[in-house]
Amino acid sequence: MRIFVTRPVPEAGIKMLRDKGYEVLINEAAKDRAATLDELKEGVKGTDAVLAVLTDKITAEVMDAGLPTLKIVANFAVGYDNIDLGAAKQKNIMVTNTPGVLTETVAEHTFALMMAIARRIPEADKFARAGKFTAWGPELFLGTDLCHKTLGIIGLGQIGSRVALHAAKGFEMRVLYYDPKPNPDFEKEFGAVYVADIDELLPQCDFISIHVPLLDSTRHLINEERLKKMKPSAYLINTSRGPVVDEKALAQALKNGVIRGAALDVFEFEPEITPELKELDNIVLTPHIASATIGTRSKMAELAANNIIEALEGRTPPNLVK
Ligand code: NAD
Numbered sequence: 000m001r002i003f004v005t006r007p008v009p010e011a012g013i014k015m016l017r018d019k020g021y022e023v024l025i026n027e028a029a030k031d032r033a034a035t036l037d038e039l040k041e042g043v044k045g046t047d048a049v050l051a052v053l054t055d056k057i058t059a060e061v062m063d064a065g066l067p068t069l070k071i072v073a074n075f076a077v078g079y080d081n082i083d084l085g086a087a088k089q090k091n092i093m094v095t096n097t098p099g100v101l102t103e104t105v106a107e108h109t110f111a112l113m114m115a116i117a118r119r120i121p122e123a124d125k126f127a128r129a130g131k132f133t134a135w136g137p138e139l140f141l142g143t144d145l146c147h148k149t150l151g152i153i154g155l156g157q158i159g160s161r162v163a164l165h166a167a168k169g170f171e172m173r174v175l176y177y178d179p180k181p182n183p184d185f186e187k188e189f190g191a192v193y194v195a196d197i198d199e200l201l202p203q204c205d206f207i208s209i210h211v212p213l214l215d216s217t218r219h220l221i222n223e224e225r226l227k228k229m230k231p232s233a234y235l236i237n238t239s240r241g242p243v244v245d246e247k248a249l250a251q252a253l254k255n256g257v258i259r260g261a262a263l264d265v266f267e268f269e270p271e272i273t274p275e276l277k278e279l280d281n282i283v284l285t286p287h288i289a290s291a292t293i294g295t296r297s298k299m300a301e302l303a304a305n306n307i308i309e310a311l312e313g314r315t316p317p318n319l320v321k
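Per numbering that gives the first Met the number 0, the sequence shown runs over residues 0 to 321.
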């Protein structure tokens with residue numbers, strides 16, 4: 000069996016594949032950049048499986064280059080909007096993802112962002128490094144408390160629920176949520192309130208945190224009109240996928256005081272960031288690192304490798320995307 004790994008991933012997953020006696024071809028050239036279309040098409044030739052990452056656009060053209068041998072594309076991510084699922088189905092190629100193992104890590108990063116923007120940490124850090132801290136000040140870098148505030152979660156899946164847990168149990172926040180599927184058990188456990196209409200959720204919240212997959216129905220879910228429905232004192236946090244938020248509209252809203260601040264881990268035109276956003280102080284930006292801890296990235300590599308092994312040994316991989 001031959002496996003193409005589009006970019007270097009933690010050794011734990013590679014070892015599992017090599018221990019099975021598979022030939023593992025790693026695209027080392029793409030260590031610090033996305034793999035190119037040519038590398039993907041060349042690399043996939045004659046392989047049985049591809050271990051792909053979210054910067055790879057796995058299109059019908061890429062899959063065709065791997066036929067007739069290619070059986071599975073194992074994504075090293077929970078989101079799989081980088082893969083043409085329709086084409087995979089048509090070509091009888093399995094697609095898997097890595098749900099669950101990154102839930103806690105992404106939820107922690109969501110809170111790191113929420114606290115960083117509410118307490119103005121990057122702004123204050125810059126100020127301190129610039130030698131501007133000359134005296135303690137009663138009004139120096141006033142921020143916003145999280146405790147007892149209202150958090151609105153959009154998308155109450157694995158990550159959204161974990162964020163809700165930290166919010167309700169750790170910060171005693173009131174939790175509201177919007178999701179096409181209500182979850183009454185969760186409501187009982189966390190005293191959370193389901194709001195069936197996103198437009199009714201937005202005006203009630205001090206913080207909004209987004210945890211939906213990128214789908215046609217979630218593209219620009221947060222647009223100019225919806226930003227205007229938020230409180231002027233509210234913050235928007237996005238660790239889901241960039242195109243869920245209209246970045247131009249967000250830049251305008253932050254500039255004009257429509258909302259107080261935002262924190263983003265993901266970007267509409269990744270890796271590009273809308274230039275206006277980079278000029279603002281009331282935003283925190285991280286380069287898509289919400290799942291980036293040593294332990295979690297190793298678990299993701301192992302899960303992706305396990306999906307490949309299960310598929311190539313003729314069993315249904317545990318994280319098959321249907
Ligand atoms: P999940 O499938 O457990 O949860 C997604 C939730 O969104 C589900 O409850 C679903 O019902 C809900 N949903 C779907 N459409 C919706 C809509 N239109 N409005 C509101 N809710 C909707 O997935 P998860 O593990 O919680 O991950 C969520 C997303 O986070 C992933 O799809 C991925 O894109 C993103 N993610 C980002 C990072 C990162 O590094 N920044 C890491 C992991 C996951």
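Beta carbons: idealized from backbone N, C-alpha and C, even for Gly. Only a predicted model underlies this, so the values are computations on that prediction, with no experimental measurement involved.
Keeping to the same chain, check which residues put their C-beta closer than 7 Å to that of residue i; ignore five residues upstream and five downstream.
| i | result |
| --- | --- |
| glycine 142 | Ala117, Arg118, Arg119 |
| valine 265 | Asn237, Thr238, Ser239, Arg240, Gly241, His287 |
| isoleucine 307 | Ile2, Leu16, Ala48, Leu50, Ile71, Ala73 |
With DSSP as the reference, label residue i as helix, strand or coil.
| i | result |
| --- | --- |
| alanine 268 | The question names alanine, but residue 268 in the sequence shown is phenylalanine. Here phenylalanine 268 sits in strand by DSSP. |
| leucine 24 | strand |
| isoleucine 2 | strand |
| arginine 259 | coil |
| glycine 42 | helix |
| glycine 241 | helix |
| valine 283 | strand |
| phenylalanine 132 | coil |
| isoleucine 57 | strand |
| leucine 150 | strand |
| valine 77 | coil |
Note the first and the last residue of the continuous beta strand (DSSP E) segment covering residue i.
| i | result |
| --- | --- |
| glycine 156 | It is not in any beta strand (DSSP E) - glycine 156 carries neither H nor E in the DSSP assignment. |
| alanine 51 | 48 to 51 |
| methionine 93 | 93 to 95 |
| leucine 175 | 173 to 177 |
| isoleucine 395 | Because residue 395 is not part of the residues shown, which for the chain are 0 to 321, the question remains open. |
| isoleucine 207 | 206 to 209 |
At which residues does the alpha helix (DSSP H) containing residue i begin and terminate?
| i | result |
| --- | --- |
| methionine 299 | 293 to 311 |
| alanine 111 | 102 to 117 |
| phenylalanine 185 | 183 to 189 |
| leucine 84 | 84 to 89 |
| glycine 12 | 10 to 18 |
My understanding is that residue i touches residue j, with C-beta atoms under 8 Å, so please give their C-beta distance in whole angstroms.
| i | j | result |
| --- | --- | --- |
| asparagine 26 | alanine 34 | 5 Å |
| aspartate 198 | lysine 228 | 6 Å |
Give every residue of the same chain whose Cβ lies closer than 6 Å to the Cβ of residue i, excluding the five residues on either side of it in the sequence, and list them in chain order.
| i | result |
| --- | --- |
| glycine 151 | Leu175, Leu200, Cys204, Ile207 |
| glycine 42 | Phe3, Asn26 |
| histidine 219 | Asp245 |
| alanine 250 | Thr273, Glu275, Leu276 |
| alanine 87 | Val94 |
Apart from the five residues on each side of it in sequence, which residues of its chain come closer than 8 Å, Cβ to Cβ, to residue i?
| i | result |
| --- | --- |
| glutamate 309 | Thr315, Pro316, Pro317 |
Using a Cβ-based criterion (distance less than 6 Å to any ligand heavy atom), does residue i qualify as near the ligand SAM?
| i | result |
| --- | --- |
| isoleucine 153 | This structure simply doesn't include the ligand SAM; it includes the ligand NAD instead. |
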